[in-house]
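Chemist: Quick one: the structure is below, and I'll ask about it shortly.
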Amino acid sequence: MYIIGERINGMFKNVRAAIEGRDKKVIQDLALSEVKGGADALDINVGPAKADPFEALCWLVDTVREVTDKTLAIDNPKWDLMEKVIPRVKGNGIINSCKADPEQLEKYLGLAVQNQVGIIALTIDQRGVPSDTETRVELGAQIGAMAQDAGLPMKQLFIDPVILPVNVAPKQPEHCMAALRQLAMLSDPAPHFVIGLSNVSQNCSNRHLINRTYLVMAMTAGLDAVIADPLDTELVNQAITTELLQEKMIYCDSYLDAHRMAK
Amino acid sequence: MNPSELSLGWKASVNEVAIGATAAEGGTRGKTVKIGGSQCIPWLSFEGAIGHRPAIAVEIWDCGGSTWPGLLQEAYGSAIADPVAWAKAAAALNPDLLCLRMMGTHPSMNDSSPAEAAATVRAILAAVDVPLIIWGCDVDEKDNVVLPKCSEAAKGQNCLMGSAKEKNYRTLVASCLADGHKLIAESPLDINIAKQVNILAHDVGYPLENIVIYPTTAALGYGSEYVFSIMERGRLAGLGGDKLLQQPALCDVGAQAWRAKEAVASEEALPGLGSPKDRGPLWETLTATNYLQAGADLIVLRHPDAVRKVQANIERLYQTAAAAV
């Protein structure tokens, strides 16, 4: 399971304060504990409006890069900002994210290819988040085809079928999984399939339990990457155990330690 | 189809492990033997480097050779009565290593003391300059007092010490760390435990790169196909990236092959199978040759004829694989 740690996000109060006060230690400690928890990549998000978001994002990227060589996923909706920041993570970054509208997608794919970074492409177009399985599959297939045309290696493509909170969109978890199954079957070579896991439990009680349960369900549908909280040890344990049960590793009594050690 | 199209494109390779320290490395061995390093399914050189030639160790005991089958006793003659003479006779076969089994320390053999065992190790190290495997008598309580003394006696010689097991590994790991030896991690025909012993040794500070795994060996006709599949599965996982299964593998062939009735029974007892004089060494040779295809990196043998035949088979496989690139 490819885990993109979600904790370096200006939405969190301590991170926002650290960004505002340019407190490197808080950010670096957080980055290292995410890596220790099992993150393969770290999401980098400056959060809501800043006076100079470019400068803040660059500071955040450089601060994290000082302590880890893990891949950094630049999380921002604005093209202008993305275009300027991505060269900073050339060869070891991920664009997070872009939508499936052909014009926009083409631009982002070009940026990814040029800088040899990965890209998370959402199955969203001008119509918004699909409310069914079919539109997700249609947009996912379109993303895959365009990525191939752009010359992006499939291992650099992360298709995100977009999960919504279960309390307001109760049919969406099933639609997402059905889309994952169909897309996984359609694509050869297969790209990665990712979701922003915490979305599923937004404003719900039992958030950890919902996240952990849905992660296992989605993995069985073909999910092989996730944006999630690697500090949730039980969540990571469940991901490792799911892979064990999918015969992606050989069992031993200490398989959890063995898996973490081998990262 | 070009064979390279069949390559599975492995991510990782088998660890390279060096055994034996020369004078330049602080020991007194005449050479250092390297095993492992393969980046492909055994001998499929179109997939990647085939690594080092599998090494051969000739087995000797600190005492108790008189309990060996007659054909083996004949092969070594009177030398078998004395560990130093036996070591010299075995070294004369030009093997890569000697495998010294401390069977004399076994409570039901001679029950020799740790000090006696250490003295034997010292005498053998002085008499021959081949790199050495030192292996206990397989009674945990006894091994835990004998092996630390043997390890000390061979300090700096970069021996391969055996064996660490799931329920008994701490003492030997500590000795190997203190005295600079490589470690045999043994598991009872169980891939899960093979992995587990490695992580246990790692957790008490032993480097995974210095481990040779012994996944248990069976003689031809006595479960060798089961061992083969366990070895093969481990090797595929290791090549696929599992760091806990990237260790070179040892096969203890001699001891097992000579337990088979086909290796030792007389012509009268097994009519139609030919003279045991040929049959015994052949049983050993074929058991070993089978494991060469499963990924054996180090093979322990007993009979001089088997040593020569397996050496020749290794050379033939090696040359053929090298020529195919």
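First to last, the sequence lines map onto chains A and B.
As numbered in my numbering, residues 1 to 263 make up the first sequence, in order.
As numbered in my numbering, residues 1001 to 1325 make up the second sequence, in order.
The C-beta atom is built at its ideal place from N, Cα and C for all residues, glycine as well.
Can you give me the Cβ contacts of R1170 of chain B inside the same chain, cut-off strictly under 7 Å, excluding the 5 residues immediately before and after it?
Modeler: Cβ neighbours of R1170 of chain B beyond the five flanking positions: V1204.
Chemist: Which complete alpha helix (DSSP H) runs does the segment 1105 to 1189 of chain B hold, if anything under 4 residues is left out?
Modeler: Those alpha helix (DSSP H) runs which fall completely within the segment 1105 to 1189 of chain B and span 4+ residues are 1114 to 1127, 1140 to 1153, 1170 to 1179.
Chemist: Does the structure place the segment 173 to 180 of chain A close enough to the segment 145 to 156 of chain A that three or more beta carbon pairs sit under 8 Å?
Modeler: Counting Cβ pairs under 8 Å, fewer than three are found: no touch.
Chemist: Which runs of the beta strand (DSSP E) at least 3 residues long sit entirely within the segment 145 to 186 of chain A? Give them in chain order.
Modeler: DSSP runs (the beta strand (DSSP E)) wholly in the segment 145 to 186 of chain A: 157 to 160.
Chemist: Step through the CB atoms of chain B and report whether any lies within less than 8 Å of the CB of D257 of chain A.
Modeler: True, the Cβ-Cβ gap to chain B drops below 8 Å.
Chemist: At 9 Å on the CB atoms, spell out the chain B contacts of A190 of chain A, in chain order.
Modeler: Under the 9 Å cutoff, chain B gives no residues; its nearest Cβ is about 16 Å from A190 of chain A.
Chemist: Which residues in chain A have a C-beta closer than 7 Å to the C-beta of K1165 of chain B? List them in chain order.
Modeler: Ordered by position in chain A, no residue passes the 7 Å Cβ test against K1165 of chain B, which lies about 14 Å from the chain.
Chemist: Kindly indicate if chain A contains any beta-carbon less than 8 Å away from that of N1192 of chain B.
Modeler: For N1192 of chain B, the answer is yes, since a Cβ of chain A falls inside 8 Å of its Cβ.
Chemist: When the Cα atoms are used, what is the spatial distance from Q114 of chain A to I4 of chain A?
Modeler: Computed Cα separation, rounded: 22 Å.
Chemist: CB-CB under 8 Å to T68 of chain A, same chain, minus the five flanking residues each way: which ones, in chain order?
Modeler: Excluding positions up to five away in sequence, the list reads A31, L32, V35, L42.
Chemist: I'd like to know if I1056 of chain B contacts chain A, where contact means its C-beta is closer than 8 Å to some C-beta of that chain.
Modeler: Taking Cβ atoms only, chain A never reaches closer than 8 Å to I1056 of chain B, which makes this a no.
Chemist: Can you pull out the residues from the segment 1288 to 1313 of chain B whose beta carbon lies closer than 8 Å to at least one beta carbon of chain A?
Modeler: For the segment 1288 to 1313 of chain B, which is checked against every Cβ of chain A, not one residue is closer than 8 Å.
Chemist: Jot down the residue ranges of each uninterrupted beta strand (DSSP E) in the segment 82 to 132 of chain A, minimum 3 residues, whole runs only, in chain order.
Modeler: Those beta strand (DSSP E) runs which fall completely within the segment 82 to 132 of chain A and span 3+ residues are 93 to 98, 118 to 122.
Chemist: If you measure from the beta carbon of A239 of chain A to each beta carbon in chain B, is any gap under 8 Å?
Modeler: Not one chain B Cβ lies under 8 Å of A239 of chain A.
Chemist: Quick one: give me the first and last residue of the alpha helix (DSSP H) that R1101 of chain B is part of.
Modeler: Taken as a continuous stretch (DSSP letters only), R1101 of chain B belongs to no alpha helix (DSSP H), being part of the beta strand (DSSP E) at 1097 to 1101.
Chemist: Could you check where the beta strand (DSSP E) with W1061 of chain B kicks off and where it finishes?
Modeler: Its beta strand (DSSP E) spans residues 1055 to 1061.
Chemist: From this set, B:I1124, B:P1114, B:G1070, which residue's C-alpha is nearest A1087 of chain B's C-alpha?
Modeler: Considering only alpha carbons, the answer is B:I1124.
Chemist: Near N1144 of chain B, what residues of its chain come up, given a Cβ to Cβ distance below 6 Å and the 5 sequence neighbours on each side ignored?
Modeler: Closer than 6 Å at Cβ, skipping near neighbours: T1171.
Chemist: Can you pull the chain A neighbours of K1261 of chain B, defined as C-beta to C-beta under 8 Å?
Modeler: None at all; the shortest Cβ gap to chain A is about 35 Å.
Chemist: Give the single residue among B:K1195, B:L1189, B:V1146 whose Cα lies nearest to the Cα of S1175 of chain B.
Modeler: Minimum Cα distance to S1175 of chain B is reached at B:V1146.
Chemist: Tell me which same chain residues have a C-beta within less than 6 Å of the C-beta of D40 of chain A, skipping the five on either side of it?
Modeler: Only Y2, I3 meet the Cβ criterion.
Chemist: Using the DSSP secondary-structure output, state which residues sit across from D225 of chain A in a beta bridge.
Modeler: Correcting the residue identity first, residue 225 of chain A is Ala in this sequence and not Asp. The partner list for A225 of chain A (beta bridge, DSSP) reads A:Y2, A:V194.
Chemist: Assign K78 of chain A to buried or exposed, taking buried as 16 or more other Cβ atoms, counted over all protein chains shown, within 10 Å of its Cβ.
Modeler: Exposed, by the Cβ-count rule.
Chemist: Please report the Cβ distance between L72 of chain A and V46 of chain A, rounded to the nearest whole angstrom; I am assuming they are in contact, meaning their Cβ atoms lie under 8 Å.
Modeler: Not really, about 13 Å apart at Cβ, beyond 8 Å.
Chemist: Please report whether the beta-carbon of I1199 of chain B lies at a distance below 8 Å from any beta-carbon of chain A.
Modeler: It does: the Cβ of I1199 of chain B has a partner Cβ on chain A nearer than 8 Å.
Chemist: Please confirm if M249 of chain A has its CB atom under 8 Å from at least one CB of chain B.
Modeler: Yes, because at least one Cβ of chain B sits closer than 8 Å to the Cβ of M249 of chain A.
Chemist: In its own chain, which residues sit with a C-beta less than 8 Å from the C-beta of Q1293 of chain B, not counting the 5 before and 5 after it?
Modeler: Around Q1293 of chain B: P1042, W1043, F1228.
Chemist: Mind checking if A1237 of chain B is an interface residue toward chain A, Cβ cutoff 8 Å exclusive?
Modeler: Interface residue, yes.
Chemist: Listed in chain order, which residues of the segment 1169 to 1196 of chain B have Cβ atoms closer than 9 Å to some Cβ of chain A?
Modeler: Result list: I1191, N1192, I1193, A1194, K1195, Q1196.
Chemist: Using the three-state DSSP reduction, which class does G1036 of chain B fall into: helix, strand or coil?
Modeler: Residue state, collapsed to three classes: strand.
Chemist: Starting from the C-beta of Q1319 of chain B, find all residues in its chain whose C-beta is less than 7 Å away, skip the five residues before and the five after it, and write them out in chain order.
Modeler: Excluding positions up to five away in sequence, the list is empty.
Chemist: Does the structure place the segment 1064 to 1082 of chain B close enough to the segment 1275 to 1290 of chain B that three or more beta carbon pairs sit under 8 Å?
Modeler: The segment 1275 to 1290 of chain B vs the segment 1064 to 1082 of chain B: in contact.
Chemist: May I ask you to list the residues that DSSP assigns as paired with I1019 of chain B?
Modeler: In the DSSP output, where bridge partners are listed per residue, I1019 of chain B has B:V1033.
Chemist: Please report the residue range of the alpha helix (DSSP H) in which V1197 of chain B lies.
Modeler: Unbroken alpha helix (DSSP H) run through V1197 of chain B: 1191 to 1203.
Chemist: Taking the alpha-carbon of A1324 of chain B as reference, which of B:A1249, B:A1194, B:F1046 has the nearest alpha-carbon?
Modeler: Among B:A1249, B:A1194, B:F1046, the Cα nearest to that of A1324 of chain B belongs to B:F1046.
Chemist: Give, in chain order, every residue of the segment 49 to 60 of chain A whose Cβ lies closer than 8 Å to some Cβ of chain B.
Modeler: Answer in chain order: no residues at all.
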